[in-house]
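The structure appears right after this line, and notes come after that.
Protein chains: 2
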Amino acid sequence: MLIRTATDEDWPAIWPFLRQIVAAGETYTLPRDISEEFAREIWMLPPPNRTVVAVDPDGTVLGSAKMNRNHMGPASHVASASFMVAPGHGGRGVGRALGEYALDWARAEGYRFMQFNAVVETNTRAVALWQSLGFEIMTTLPEAFLHPTKGYVGLHIMYQRL
Amino acid sequence: MLIRTATDEDWPAIWPFLRQIVAAGETYTLPRDISEEFAREIWMLPPPNRTVVAVDPDGTVLGSAKMNRNHMGPASHVASASFMVAPGHGGRGVGRALGEYALDWARAEGYRFMQFNAVVETNTRAVALWQSLGFEIMTTLPEAFLHPTKGYVGLHIMYQRL
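Keeping their order, the protein sequence lines are chains A and B. Heads up: the first sequence begins at 1 in my numbering, then just goes up one per residue. Heads up: the second sequence begins at 163 in my numbering, then just goes up one per residue.
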């Protein structure tokens with residue numbers, strides 16, 4: 001698996017799984033009927049932020065991550081990141097590899113912390129993965145997320161020093 | 163004191179104190195050298211969000227607040243708000259009146275929670291005011307804010323059920 005900067009040519013491979021993940025409404029605080037235009041705008045970030053893809057040796061896009069500044073001004077030393085693994089390519093370490101890449105990127109860019117603003121508490125595999133990568137659950141905002149089958153569930157705010 | 167929706171005509175009264183407060187770098191996660199164009203874009207929110215001014219009987223603008231959706235999609239029942247009281251008009255209940263207005267607005271709009279994403283912990287008057295209005299400090303992100311004289315200080319995440 002290779003992780004490299006995403007280009008315009010990667011978008012047609014990203015959009016189908018991004019759309020599917022957002023439409024499921026279980027993990028992202030994005031409109032479930034997100035438009036391709038808006039999705040591309042929020043996912044394909046120009047420098048100094050970065051969007052990457054994880055690709056198989058045969059070129060198949062397995063997942064994607066975006067890395068960005070979380071706050072401006074006096075809090076601009078706090079980064080954030082978001083991750084999507086294509087359904088059907090889970091369980092192969094794609095999420096972990098993208099997470100490690102994002103942390104390395106943030107350190108190299110001079111960030112001091114990484115903060116995840118909204119990790120759905122029922123997304124237990126992701127929560128466990130981020131914890132294994134050093135993130136701590138700082139708090140859980142009760143009932144902040146309306147899950148399609150589980151009702152109102154909490155949103156974790158996760159944080160780590162880099 | 164009257165609180166009413168801000169119009170384009172109010173911007174020349176808001177910009178000087180907004181600029182001063184942001185330039186001080188003590189309370190907002192915004193660039194200290196914020197441009198007027200960017201400030202206006204992030205402060206003067208169109209419906210369904212709302213920006214208001216608090217005005218004296220003589221028409222003097224004492225402060226301003228913006229109220230908005232905090233998250234999208236499955237978390238779009240969480241509101242947020244930001245507040246600026248003009249230096250020289252503090253201690254007269256302007257912040258409290260704006261805070262109460264924002265909570266009433268969020269309830270009327272059908273929001274279920276209000277979340278403040280980044281309250282600087284050294285801004286103790288604001289923290290005490292929000293607590294008196296029902297907000298709880300859910301966590302404090304250590305060293306997330308670089309204060310101009312106090313160094314790295316924490317950012318509170320505050321939350322309340324509406």
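Ideal Cβ placement from N, Cα and C applies to all residues, glycine included.
- DSSP, reduced to helix, strand and coil, places A/S64 within a strand of the structure shown.
- Annotated three-state conformation of B/A168 is coil, per DSSP.
- Shortest Cα-Cα distance from A/W11 to any of A/S80, A/P48, A/A65 and A/G88 involves A/A65.
- The closest CA to that of A/A102, considering only A/H156, A/R69, A/V120 and A/R125, is found on A/R69.
- Proximity of chain B to A/F113 at the Cβ level (cut-off 9 Å) is accounted for by L303, P304, E305 and A306, in chain order.
- By the CB criterion at 7 Å, B/T311 and B/E283 fall outside the cutoff.
- Nearest Cα to A/Y152 within the set B/D266, B/S197 and B/A237: B/A237.
- Taking 7 Å as the threshold, the shortest C-beta distance from B/T286 to chain A does not fall below it.
- Nearest to A/P46 by alpha-carbon distance, out of A/G63, A/V22, A/T7 and A/Q20, is A/T7.
- The alpha helix (DSSP H) runs of length 4 or more contained entirely in the region 35-61 of chain A are, from start to end of the chain, 36-43.
- At a cut-off of 7 Å, the C-beta of B/A268 has no neighbouring C-beta in chain A.
- Only exposed fits A/L2, as fewer than 16 other CB atoms lie within 10 angstroms of its CB.
- Between A/L129 and A/H89, the beta carbon gap of about 15 Å keeps them out of contact (Cβ cut-off 8 Å).
- In the DSSP assignment, B/R323 falls within the unbroken beta strand (DSSP E) covering G313 to R323.
- Look at B/G252: its C-beta is not under 7 Å from any C-beta on chain A.
- Of the candidates B/A216, B/G316 and B/L192, B/A216 places its Cα closest to the Cα of B/A259.
- The straight-line gap separating the alpha-carbon atoms of A/V119 and B/D218 is approximately 43 Å.
- Between B/V240 and A/A144, the gap from beta carbon to beta carbon is short of 7 Å.
- Listed along the chain, the chain B residues whose CB falls inside 8 Å of the CB of A/M72 are T191, L192 and P193.
- Within chain A, G73 and P74 have C-beta atoms less than 9 Å from the C-beta of B/G187, given in sequence order.
- Taking the CA atoms as reference points, A/Q131 sits about 53 Å from B/G221.
- For B/V315, the closest Cβ of chain A is not nearer than 7 Å.
- Secondary structure note for A/E26: it is in no alpha helix (DSSP H), with a DSSP letter that is neither H nor E.
- Comparing C-alpha distances from A/V127 to each of A/Y159, A/P142 and A/N49 shows the shortest one belongs to A/Y159.
- The CB of A/M138 comes closer than 7 Å to the CB of T301 and L303 in chain B, given here in chain order.
- Nearest neighbour of B/P193 by Cα position, chosen from B/D266, B/L317 and B/L308, turns out to be B/L308.
- Under the three-state reduction of DSSP, A/F83 is assigned to strand.
- Around B/Y263, no beta-carbon contact reaches into chain A at under 9 Å, the shortest distance being about 23 Å.
- Secondary structure in the region 273-301 of chain B: the beta strand (DSSP E) runs of 3 residues or longer, each lying completely within the stretch, are 275-282 in chain order.
- Between A/V78 and chain B, the shortest Cβ-Cβ separation is below 7 Å.
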